[in-house]
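Colleague: Before anything else, here's the structure in question.
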Amino acid sequence: MAGHPLFRTVLLNSERLGSVSLTELGQEAAAALKAAGQTVSVFESTTAGLVQASLQSQPGASSFTTCGAVSYSKQKAHAVLGGEVLLPSAKPENGEGYKDSKRTWTETLARLKRKEVGSTWCLCESGACGPTFTFPEITTGFTAIFVSGPIERGVFLESGHNDREANMWSYTKAALQLLADCVKDAQAQQAQEMPKAPLLTAKEDRYGGVEAVAEVGPVGAFDAELRQGLQGWKSAGKKGIWLKIPLPAAACVGSAVAQGFRFHHAQEDYVMMTQWLPDSPSPLPRYAFTQVGVGGIVVNSKDEILLVQERVSPVPQFEGCWKLPGGLADPGEDFAETVLREVQEETGIKGELDGVVSLRHSHNFRFGQDDMFVSVKVKATTESICIDPNELRDARWMSEAEIKELLADSTASSLDGKVPSNQWKVIEKALHGSMIEGTALPNSRGGKMSMLYTGPALK
1 MAGHPLFRTV LLNSERLGSV SLTELGQEAA AALKAAGQTV SVFESTTAGL
51 VQASLQSQPG ASSFTTCGAV SYSKQKAHAV LGGEVLLPSA KPENGEGYKD
101 SKRTWTETLA RLKRKEVGST WCLCESGACG PTFTFPEITT GFTAIFVSGP
151 IERGVFLESG HNDREANMWS YTKAALQLLA DCVKDAQAQQ AQEMPKAPLL
201 TAKEDRYGGV EAVAEVGPVG AFDAELRQGL QGWKSAGKKG IWLKIPLPAA
251 ACVGSAVAQG FRFHHAQEDY VMMTQWLPDS PSPLPRYAFT QVGVGGIVVN
301 SKDEILLVQE RVSPVPQFEG CWKLPGGLAD PGEDFAETVL REVQEETGIK
351 GELDGVVSLR HSHNFRFGQD DMFVSVKVKA TTESICIDPN ELRDARWMSE
401 AEIKELLADS TASSLDGKVP SNQWKVIEKA LHGSMIEGTA LPNSRGGKMS
451 MLYTGPALK
């Protein structure tokens, strides 16, 4: 159908259903959902809750049903379904437009609510049973039914009568049959797509949890494998599950979220997700939340200090102030490596480490991160300044006297052209105080040596 290619139209005969049982109507769909280990949410209108009731009448319904709602019209559904699902307010002008709006409504709602609820499937239904209708050219019942999930299908039913209750039962039967067909066909399709190699490799960690890694493959196959894995881990008494999804397998993230995983951290080539299986607060450690910055008190042969003006300051108050050169550490860098790299990148000055001066620990920096700023004294081995114009507007050597003339309280509203008092405290310590010494130690995890920083030895 133009505009709704996923819908097929079915003309129902005028025969009424005989004696109807809720349990019988929902049996096939329930069995398919339980066999697949999947869940469904239901949002219905014309069937008035009969679809949900048929599913809930099945033994073990809580394992495959999630939630749903019955709403009679788009306007009346606002309080239950939320304003975000309401379609443009233009009203249909005739019967065909009215019927078409039901196709659009159910298709849109099923997709939105499936994501919102996190169910594997979402079934939505909306139409009119009779005996009266909004438009005079409509004289018999009709409804639109749409199922969203690993596969999507819709059916538009037109009955040959306007018997309200008979239509409600017929539409309920058709909706449940559409759901059952979708679940079974998706399972068959998944079986055909199932790769020979597993899409989930897992191992036990030293704490009795599980570390799993997703591989690239069909999302449906990954969904089934992850579901099976979770069932096995729960049975085995595992608690903390770590799931790493590499960038090429990013399509699997939605499936993991739907099965209860939450984001832990992300890097440029993967996302790490976690799930704590017991019904208790998760003790899994948070990801790193502190960034490290290093500033250099660079001293030349005349005991002058190298100060710079940033091209753009991260804080408006410090725009144009004179500050120490430096920046954020890269992964794997020692303090000395960071400061020597940053000083040379920004000013062209080379140097050698003379000792750690101070540490400053602050909170709620960019993206809510904590910030550790390390001040390091550097002895300049070259003195000709060549600034990076992309980072700095100026750099110069200053004597203690020149710095003192430019001092201003760090809390001033504007520090343009000034040296903040907090910067001077660090500079003064570097020039006249004792250094914190660094000693290289073997790393217990192997690889690059660790650095131990200690205060000056007692005399």
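First residue of the sequence shown: 1, per UniProt numbering; consecutive thereafter.
Cβ atoms here follow ideal geometry from the backbone N, Cα and C, with glycine treated the same way.
What you are looking at is a predicted structure, and each value in this text was computed from that prediction instead of being measured.
Can V299 and A380 be called in contact, C-beta distance under 8 Å?
Modeller: Yes, these two residues count as a Cβ contact at 8 Å.
Colleague: Can you name the start and end residues of the beta strand (DSSP E) that E333 belongs to?
Modeller: Taken as a continuous stretch (DSSP letters only), E333 belongs to no beta strand (DSSP E), as it is neither H nor E.
Colleague: Closest to P314 by C-alpha separation, out of K302, L112, G327, I305, would be which residue?
Modeller: Comparing Cα-Cα distances from P314 to each of K302, L112, G327, I305, the minimum goes to G327.
Colleague: Report the rounded CA-to-CA distance for V40 versus G154, giving the unit in angstroms.
Modeller: Computed Cα separation, rounded: 16 Å.
Colleague: Could you tell me whether the segment 156-170 touches the segment 129-143, where touching means 3 or more Cβ pairs closer than 8 Å?
Modeller: The segment 156-170, when compared against the segment 129-143, does touch it at the 8 Å Cβ threshold.
Colleague: Are at least three pairs of beta-carbons, each pair with one atom in the segment 331-346 and one in the segment 415-432, less than 8 Å apart?
Modeller: The segment 331-346 vs the segment 415-432: no contact.
Colleague: Can you check whether the CB of L226 is closer than 8 Å to the CB of A256?
Modeller: Yes, Cβ-Cβ distance for A256 and L226 is below 8 Å.
Colleague: Assign F289 to one of two classes, buried (16 or more other C-beta atoms within 10 Å of its C-beta) or exposed (fewer than that).
Modeller: Classification for F289: exposed.
Colleague: Apply the 10 Å Cβ neighbour rule to E346 and answer buried if 16 or more other Cβ atoms are within range, or exposed otherwise.
Modeller: The residue is buried, with at least 16 neighbouring Cβ atoms inside 10 Å.
Colleague: Using a Cβ distance threshold of 8 Å, determine whether the segment 362-380 contacts the segment 275-285, with at least three qualifying pairs required.
Modeller: No: fewer than three Cβ pairs fall under 8 Å.
Colleague: Taking the straight line between their C-alpha atoms, what separation do you get for G232 and S375?
Modeller: Taking the straight line from one Cα to the other gives about 51 Å.
Colleague: Is T140 near E158, with beta carbons less than 8 Å apart?
Modeller: Cβ distance < 8 Å, so T140 and E158 count as in contact.
Colleague: Among A202, D354, V294, A175, which residue has its Cα nearest to the Cα of A48?
Modeller: The residue with the shortest Cα to Cα distance from A48 is A175.
Colleague: Taking the beta carbon of V294 as the centre, do at least 16 other beta carbons fall within 10 Å, making it buried, or is it exposed?
Modeller: Under this definition V294 is a buried residue.
Colleague: Would you check if the distance between the CB atom of T120 and the CB atom of Q189 is smaller than 8 Å?
Modeller: No, Cβ-Cβ distance for T120 and Q189 is not below 8 Å.
Colleague: In whole angstroms, what separates the C-alpha of P218 from that of C321?
Modeller: Each residue's alpha carbon lies about 55 Å from the other.
Colleague: Measure the C-alpha to C-alpha separation of E152 and R103 and round it to an integer number of angstroms.
Modeller: Between E152 and R103, the C-alpha separation is close to 13 Å.
Colleague: Taking all protein chains shown into account, do 16 or more other C-beta atoms lie within 10 angstroms of the C-beta of residue 498, making it buried, or fewer, making it exposed?
Modeller: Past the boundaries of the shown model lies residue 498; the chain is included only from 1 to 459, so the question cannot be answered.
Colleague: Which residues does DSSP pair with M273 in a beta bridge?
Modeller: The partner list for M273 (beta bridge, DSSP) reads L243, F263.
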